[in-house]
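Step one of this worksheet: look at the structure below.
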Amino acid sequence: MNPESTNFDPDNYILIEIVNTKYCNSLTEYSRRKTQVVTIGDVPMGGDNPIRIQSMTTIDTMDTLGSVEQTIRMVNAGCEYVRITAPSIKEAQNLQEIKNELRKRGYKVPLIADIHFTPNAAELAARIVEKVRVNPGNYADKKRFEEIEYTDASYDAELDRIRKKFTPLVKICKEYGTAMRIGTNHGSLSDRIMSRYGDTPLGMVESALEFLRICEDLNYYNIVLSMKASNPKVMIQAYRLLVQKLDEEKFKPYPLHLGVTEAGDGEDGRIKSSVGIGTLLEDGLGDTIRVSLTEEPEAEVPVAKQLADRYINRKASSPIPEIKNYTINPFEYTRRPSKEVINIGGSHHVPRVISDFSTKEKITPASLFALGYQYSVALDKWNIADIGCDFIFLGDRAIDFETPGTLGLIYNHSTWLVQKNRDRVYPLIRAKEYLSIVESSGKLNLINASLPDLNNELISKLKSDSTAVLIVETNNDHGLAEQRRLFVELIRSDCNVPVIISRSYKNLSVEQLQLYSATDIGGLLI
Numbered sequence: 001m002n003p004e005s006t007n008f009d010p011d012n013y014i015l016i017e018i019v020n021t022k023y024c025n026s027l028t029e030y031s032r033r034k035t036q037v038v039t040i041g042d043v044p045m046g047g048d049n050p051i052r053i054q055s056m057t058t059i060d061t062m063d064t065l066g067s068v069e070q071t072i073r074m075v076n077a078g079c080e081y082v083r084i085t086a087p088s089i090k091e092a093q094n095l096q097e098i099k100n101e102l103r104k105r106g107y108k109v110p111l112i113a114d115i116h117f118t119p120n121a122a123e124l125a126a127r128i129v130e131k132v133r134v135n136p137g138n139y140a141d142k143k144r145f146e147e148i149e150y151t152d153a154s155y156d157a158e159l160d161r162i163r164k165k166f167t168p169l170v171k172i173c174k175e176y177g178t179a180m181r182i183g184t185n186h187g188s189l190s191d192r193i194m195s196r197y198g199d200t201p202l203g204m205v206e207s208a209l210e211f212l213r214i215c216e217d218l219n220y221y222n223i224v225l226s227m228k229a230s231n232p233k234v235m236i237q238a239y240r241l242l243v244q245k246l247d248e249e250k251f252k253p254y255p256l257h258l259g260v261t262e263a264g265d266g267e268d269g270r271i272k273s274s275v276g277i278g279t280l281l282e283d284g285l286g287d288t289i290r291v292s293l294t295e296e297p298e299a300e301v302p303v304a305k306q307l308a309d310r311y312i313n314r315k316a317s318s319p320i321p322e323i324k325n326y327t328i329n330p331f332e333y334t335r336r337p338s339k340e341v342i343n344i345g346g347s348h349h350v351p352r353v354i355s356d357f358s359t360k361e362k363i364t365p366a367s368l369f370a371l372g373y374q375y376s377v378a379l380d381k382w383n384i385a386d387i388g389c390d391f392i393f394l395g396d397r398a399i400d401f402e403t404p405g406t407l408g409l410i411y412n413h414s415t416w417l418v419q420k421n422r423d424r425v426y427p428l429i430r431a432k433e434y435l436s437i438v439e440s441s442g443k444l445n446l447i448n449a450s451l452p453d454l455n456n457e458l459i460s461k462l463k464s465d466s467t468a469v470l471i472v473e474t475n476n477d478h479g480l481a482e483q484r485r486l487f488v489e490l491i492r493s494d495c496n497v498p499v500i501i502s503r504s505y506k507n508l509s510v511e512q513l514q515l516y517s518a519t520d521i522g523g524l525l526i
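Quick note: the sequence shown uses the numbering used here, first residue 1, plus one each step.
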């Protein structure tokens, strides 16, 4: 399913200034956001430093040797910062014992104290470790799940109360050279923030900015920010909005810690993390990442490294025309409108899945098992699992058995022409051929194209063809950006053709395939 490339004509594209939606350097050219350097022990973050990898211990903090051994396993796996929970004074005190034992064994990894609810533990930990993490949702406020109506005066009074409670920690961090992460979590916002902003990305951002303003008033800038959520969609929106607000309000360009909370385990956890973290990395956001799996923390580290390492030498293999007419709101989810073609597109259909069998030597009923279709000989019927794909692309391959009644078959156009039975059988047509094609399906025609193929003639025909569905591909190293550029042009042209995203990869491990495809496809869907 590789389209022929044509010369791209930038004159087909209208350039209009972006207004108030800028959250990254470029939507078409990989450009990492330039942040200020934050000193965390001997491992600085931000600026031109690489994307740092971190994880968190799961051993009881009072188990000194257990925490030390787990930390060493994490470091040996490639972890550059290790976070340890300190929910009370006694755990904060024991951080010194853990640190001493690590240093005695020759490990100088920076330690981060994770603090919730207990300012006194944070103030003690800040004298011991290289960095403290505070959650503005529960550092100075208690969660009572109450909705309170605040006047501006009463809201300001609450901010003064927070300032008095938070200022001692800031002064200690300044004195000891300790870094701080102001880390908001979706779902743990204070009643005060919830009352004014709701449980929203904006509420997450404002919660962090309240604490950040206090830090800047005290001339403390050794700060990292995070906007974590278990829902990648919320997490992505919050980070984008955070960057936009930092720029709009002239804050310093603070480094970002990226993470999806409670992502799960196995492939589900890896895919969920990649959709959130990878989508932001694609746009150059992120200075350190933690992949939060329900596995041993040392198992998180290789996953995070594979996500980060993808961007070491990232650049587009061919230039992508600049976007200035960006009508998509990056801070909220809105599904692109599309017309309905059979069971594809429209307002009520879920995204459809096509599996590529075009290179498979022999296709048998057993070949469909992995796609969610299992044939019962006893009942003489197909059983369909929830993961069942909707179509298979056969290219020029033959199939000599009765397929499930819900499964569509797609052939290259030349092979489709000779099919006698065209029930649930549809052609794949290259963009160039589509413009001059004589015979096509009266129900569904899949048009194979990439951004360079998208000209006024093709768009015009797609708009007038009620049977057309676009399959978009890319061979660009910065493929998400190129395919996003194509969507922008379809929206600008008011072309509501349904689109199926196609990606292909070579020489990847199974885990890399999961991570990269989740980023590249999920980043467009979300």
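From the three backbone atoms N, C-alpha and C, an ideal C-beta is built for every residue, glycine too.
Every value quoted in this text rests on a predicted model; they were computed, and no experiment measured them.
At what residues does the beta strand (DSSP E) containing residue i begin and finish?
i, result
"K228", "I223 to K228"
"M45", "It is not in any beta strand (DSSP E) - M45 carries neither H nor E in the DSSP assignment."
"R192", "Taken as a continuous stretch (DSSP letters only), R192 belongs to no beta strand (DSSP E), being part of the alpha helix (DSSP H) at D191 to Y197."
"S355", "I354 to D356"
"Y434", "No beta strand (DSSP E) holds Y434; the alpha helix (DSSP H) holding it covers A431 to Y434."
"V52", "Note on identity: in this sequence residue 52 is Arg, with Val being the wrong assignment. Here the beta strand (DSSP E) through R52 covers R52 to M56."
Whole angstroms are fine: how far does the CA of residue j sit from the CA of residue i?
i, j, result
"S230", "Y107", "32 Å"
"Y13", "R336", "The predicted model places Y13 with a pLDDT of 42, which falls under 50 and marks its position as unreliable; any figure quoted below should be read in that light. Their backbone Cα atoms lie some 19 Å apart in a straight line."
"M1", "G395", "Legend: pLDDT at M1 = 45, less than 50; position of this residue unreliable, value from coordinates given subsequently. Their Cα atoms are separated by approximately 8 Å."
"Q237", "L225", "15 Å"
"D477", "L280", "16 Å"
"I399", "V425", "12 Å"
"N412", "D309", "37 Å"
"E206", "G137", "11 Å"
"Y139", "I115", "8 Å"
"I89", "A121", "5 Å"
"V488", "I437", "27 Å"
"R485", "Q36", "30 Å"
"A126", "G78", "25 Å"
"D156", "G269", "41 Å"
"V301", "M204", "27 Å"
"D152", "V291", "39 Å"
"S441", "P427", "7 Å"
"G522", "Q54", "24 Å"
"L534", "L480", "Residue coverage of the chain in this structure runs from 1 to 526, which leaves residue 534 outside it and unanswerable."
With a 10 Å radius around its C-beta and 16 neighbouring C-beta atoms as the bar for buried, classify residue i as buried or exposed.
i, result
"T184", "buried"
"D247", "exposed"
"Q514", "buried"
"Q419", "exposed"
"T474", "buried"
"F369", "exposed"
"V529", "Given a span of 1 to 526 for the chain in the structure shown, any question on residue 529 remains unanswerable."
"A378", "exposed"
"P404", "buried"
"N313", "exposed"
"F401", "exposed"
"R192", "buried"
"H257", "buried"
"A366", "exposed"
"S338", "buried"
"R52", "buried"
Any idea which residues DSSP pairs residue i with across the strands?
i, result
"W382", "Y375"
"G266", "G266 pairs with nothing; no bridge assigned."
"K131", "I112 and A179"
"D287", "Answer is none; D287 lacks a bridge partner."
"V260", "A229"
"R32", "Answer by DSSP bridge pairing: none, since R32 is not bridged."
"Y81", "Q54"
What is the residue span of the alpha helix (DSSP H) that residue i lies within?
i, result
"P201", "P201 to D217"
"T415", "H413 to L417"
"M74", "T64 to A77"
"N445", "N445 -> not in any alpha helix (DSSP H); beta strand (DSSP E) instead, spanning N445 to A449."
"D520", "V510 to L525"
"L307", "P297 to D309"
"L95", "I89 to K104"
"T279", "T279 to E282"
Measuring only between beta-carbons, confirm whether residue i sits less than 8 Å from chain B.
i, result
"F166", "Reference to chain B is not applicable here, since this structure consists of a single protein chain."
Write down every uninterrupted run of the alpha helix (DSSP H) in the region 466-492 whose length is 4 residues or greater and which is fully enclosed by it, in chain order. Segments of the alpha helix (DSSP H) lying fully in the region 466-492: 479-492.
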